[in-house]
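All remarks here apply to the structure that follows.
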Amino acid sequence: MIDKRKSEALFEAMPPTGRLADAVSQSIAGALLEGRIAPGEALPSEGEIAREFGISKPIAREALRQLAGVGLIHTQQGKVARAKALNGEPLDRFYGYAVRSSLKRLREANEMRRVVETGIAQLAAERRAPEGIARMEEATQLMRETILEPGGFTECDIAFHLGMAAATGNSMIKVQMEGLGSIQREVSELFSRRSNRTKADWEHTIARHEAVLEAIRAGAVEAARASIEAHYEAADLASLEVAGDPGPGGPRA
Numbered sequence: 001m002i003d004k005r006k007s008e009a010l011f012e013a014m015p016p017t018g019r020l021a022d023a024v025s026q027s028i029a030g031a032l033l034e035g036r037i038a039p040g041e042a043l044p045s046e047g048e049i050a051r052e053f054g055i056s057k058p059i060a061r062e063a064l065r066q067l068a069g070v071g072l073i074h075t076q077q078g079k080v081a082r083a084k085a086l087n088g089e090p091l092d093r094f095y096g097y098a099v100r101s102s103l104k105r106l107r108e109a110n111e112m113r114r115v116v117e118t119g120i121a122q123l124a125a126e127r128r129a130p131e132g133i134a135r136m137e138e139a140t141q142l143m144r145e146t147i148l149e150p151g152g153f154t155e156c157d158i159a160f161h162l163g164m165a166a167a168t169g170n171s172m173i174k175v176q177m178e179g180l181g182s183i184q185r186e187v188s189e190l191f192s193r194r195s196n197r198t199k200a201d202w203e204h205t206i207a208r209h210e211a212v213l214e215a216i217r218a219g220a221v222e223a224a225r226a227s228i229e230a231h232y233e234a235a236d237l238a239s240l241e242v243a244g245d246p247g248p249g250g251p252r253a
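The UniProt record's numbering puts the first residue of the sequence shown at 1, with every later residue one more than the last.
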């Protein structure tokens, strides 16, 4: 639990205008995002928050509800709220609903992902954070071990793109890429489920990932952009062509 004596320095002053619950949640969010409250750490109680900000307990409760809704804290009835590690889970849930709702939404989401990841690949080539490159290398190796295994291969694919985000050294990009996981999983699974996919097709997919990795590892910004574009043209867009016959539970146009 946070030391009550430190609570005054914990939160920034509320802005003078706007809804009280919004202002309180923004102040607490600032403490969470800047690391003044660590993941897993308990927040002050509703009563303590109310006293700190000079508000009622229902307003404090609403502020905490807002923070829980965007995934910054975990709340449970009868227990104090706790900070969560910053991640893309709320975005991932939203995109999951969207891409499973219709083929149109899947196409739109994948188009958005393509635009986003092109920029990510370029920034990753500029910065080349070692942790991200190591994760990309591990993912490509595991892809070779999961050839012809759609489920395992999809998870390796997702891990590769998360590694690419980590290679930028940008925490907001990492969260965004985590949020795109549902889109990537749906597209990758569609591609992997094609009845006419050969082992050579799987190997070509790995080769495209290795080309992206090599460009980023070499710091070749333009090559990174070209490689990720080529990957999309050959893989993701092809998979959407077979999405018109999604099978049970798949997205419908």
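Cβ coordinates follow ideal geometry from the N, Cα and C atoms, glycine included.
Small disclaimer: the values here were computed from a predicted structure and weren't measured.
Check your understanding: Beta-carbon separation of Arg61 and Glu48 under 9 Å?
Key -> Taking the sequence shown and counting its residues from 1, one reaches residue 61 at position 61. Taking the sequence shown and counting its residues from 1, one reaches residue 48 at position 48. The beta carbons of Arg61 and Glu48 sit no closer together than 9 Å.
**Study point:** Top-ranked residue by Cα proximity to Gly54, from Phe94, Glu189, Glu222 and Phe11
**Key:** Taking the first residue of the sequence shown as 1, we reach residue 54 at position 54. Of Phe94, Glu189, Glu222 and Phe11, the residue nearest in Cα terms is Phe11.
Review point. Does DSSP put Asp3 in a helix, a strand or coil?
Key: Position 3 of the sequence shown, counting from 1, holds the residue named residue 3. Residue confidence for Asp3 is low, a pLDDT of 48 falling below 50, so the modelled location carries little weight and cannot support an answer.
Check your understanding: Who does Arg128 pair with in a DSSP beta bridge?
Key -> Taking the sequence shown and counting its residues from 1, one reaches residue 128 at position 128. Its beta-bridge partners do not exist; DSSP assigns none.
Review point. Do Thr118 and Ile228 have their CB atoms nearer than 9 Å?
Key: Within the sequence shown, residue 118 is the residue found at index 118, counting from 1. Within the sequence shown, residue 228 is the residue found at index 228, counting from 1. Closer than 9 Å, so yes.
Practice item. Pick out whichever of Ala68, Glu210 and Gln26 has its Cα sitting closest to the Cα of Asn87. Key: Walking along the sequence shown from the start, residue 87 turns up at place 87. Asn87 has its Cα closest to that of Ala68, out of Ala68, Glu210 and Gln26.
Review point. Among Leu123, Arg185 and Phe160, which one has its Cα closest to the Cα of Gly96?
Key: Here residue 96 refers to the residue found at position 96 of the sequence shown. Minimum Cα distance to Gly96 is reached at Arg185.
**Study point:** Test: Arg185 CB closer than 9 Å to a CB of chain D
**Key:** Of the protein chains in the structure, only one exists, and it is not chain D.
Exercise for review: Note down the Cα distance separating Ile173 from Glu189, rounded to an integer number of angstroms.
Suggested key: Mapped onto the sequence shown, residue 173 falls at position 173. Mapped onto the sequence shown, residue 189 falls at position 189. Annotation: Ile173 to Glu189 spans about 24 Å, alpha carbon to alpha carbon.
Review point. Under 9 Å, do residue 255 and Ala124 count as touching if we go by C-beta distance?
Key: Here the chain covers residues 1 to 253 and nothing more, so residue 255 does not appear.
Check your understanding: Where do the ends of the alpha helix (DSSP H) carrying Ile151 lie?
Key -> Taking the sequence shown and counting its residues from 1, one reaches residue 151 at position 151. Here the sequence assigns Gly to residue 151, which means Ile is not the residue at that position. That run of the alpha helix (DSSP H) goes Pro150 to Ala166.
Practice item. Flag this pair as touching only if the segment 130-142 and the segment 150-165 have three or more C-beta atom pairs under 8 Å; answer yes or no. Key: When Cβ pairs closer than 8 Å are counted between the two stretches, the segment 130-142 is seen to touch the segment 150-165, the count reaching three or more.
**Study point:** Helix, strand or coil at Arg135 according to DSSP, with G and I counted as helix
**Key:** Taking the first residue of the sequence shown as position 1, residue 135 is located at position 135. DSSP places Arg135 within a helical segment (H, G or I) once states are collapsed to three.
Check your understanding: Quick one: is Met136 buried, meaning 16 or more other Cβ sit within 10 Å of its Cβ, or exposed?
Key -> By one-based count along the sequence shown, residue 136 stands at place 136. Label assigned to Met136: buried.
Exercise for review: Quick one: measure Cβ to Cβ for Ala139 and Ala224, integer angstroms, because I've assumed they're closer than 8 Å.
Suggested key: On the sequence shown, position 139 is the one that residue 139 refers to. On the sequence shown, position 224 is the one that residue 224 refers to. A Cβ-Cβ separation of about 16 Å leaves Ala139 out of contact with Ala224 under the 8 Å criterion.
Check your understanding: If Pro39 and Val70 are in contact, beta carbons under 8 Å, what's the gap, nearest whole angstrom?
Key -> Translated into the one-based positions of the sequence shown, residue 39 becomes position 39. Translated into the one-based positions of the sequence shown, residue 70 becomes position 70. The Cβ separation is near 15 Å, so there is no contact.
**Study point:** Sequence-distant residues of the same chain with beta carbon closer than 7 Å to Ser182, five excluded per side
**Key:** For the purposes of this step, residue 182 is identified with residue 182 of the sequence shown, where counting begins at 1. If we look at Ser182 and ignore the five residues flanking it on each side, its Cβ neighbours are Asp92, Tyr95, Gly96 and Val99.
**Study point:** Reduced DSSP category for Ala234 - H, G, I as helix; E, B as strand; rest coil
**Key:** Within the sequence shown, residue 234 is the residue found at index 234, counting from 1. If DSSP states are grouped into helix, strand and coil, Ala234 belongs with the helices.
**Study point:** Selected residue, minimal CA-CA separation from Arg128, among Ala230, His74, Leu43 and Ala220
**Key:** In the sequence shown, residue 128 corresponds to position 128, counting from 1. For the residues Ala230, His74, Leu43 and Ala220, the minimum Cα distance to Arg128 belongs to Ala220.
Exercise for review: Locate the alpha helix (DSSP H) running through Met205, then write down its first and last residues.
Suggested key: Numbered from 1 along the sequence shown, position 205 holds the residue referred to as residue 205. Checking the sequence, you will find Thr at residue 205 rather than Met. Counting along the chain, the alpha helix (DSSP H) containing Thr205 begins and ends at Lys199 to Arg217.
Review point. Near Leu142, which residues of its chain fall below 6 Å by C-beta distance, leaving aside the five closest residues on each side in sequence?
Key: The sequence position of residue 142 within the sequence shown is 142, counting from 1. Taking Leu142 as the centre and dropping the five residues before and after it, the same chain places the C-beta of Cys156 closer than 6 Å to its C-beta, in chain order.
Point to revise | Extent of the continuous alpha helix (DSSP H) run through Ser101 | key: Within the sequence shown, the letter at position 101 stands for residue 101. Ser101 -> alpha helix (DSSP H) spans Glu89 to Ser101.
Practice item. Name the residue from Phe191, Ala211 and Glu41 whose alpha carbon lies nearest to the alpha carbon of Trp202. Key: One-based indexing of the sequence shown puts residue 202 at position 202. Comparing Cα positions, the closest option is Phe191.
Review point. Taking Arg19 as the reference, which of Glu149, Asn110, Glu126 and Gln66 has the closest Cα?
Key: In the sequence shown, counting from the first residue as 1, residue 19 sits at position 19. In this structure, Gln66 is the residue among Glu149, Asn110, Glu126 and Gln66 with its C-alpha nearest to the C-alpha of Arg19.
Check your understanding: Thinking C-alpha only, which one of Thr198, Ala109 and Glu222 is nearest Glu149?
Key -> What you label residue 149 is simply residue 149 of the sequence shown in a count that begins at 1. When only C-alpha atoms are compared, the closest one is Thr198.
**Study point:** Where Arg36 sits in the DSSP three-state scheme
**Key:** By one-based count along the sequence shown, residue 36 stands at place 36. When DSSP states are grouped into helix, strand and coil, Arg36 belongs to the coil group.
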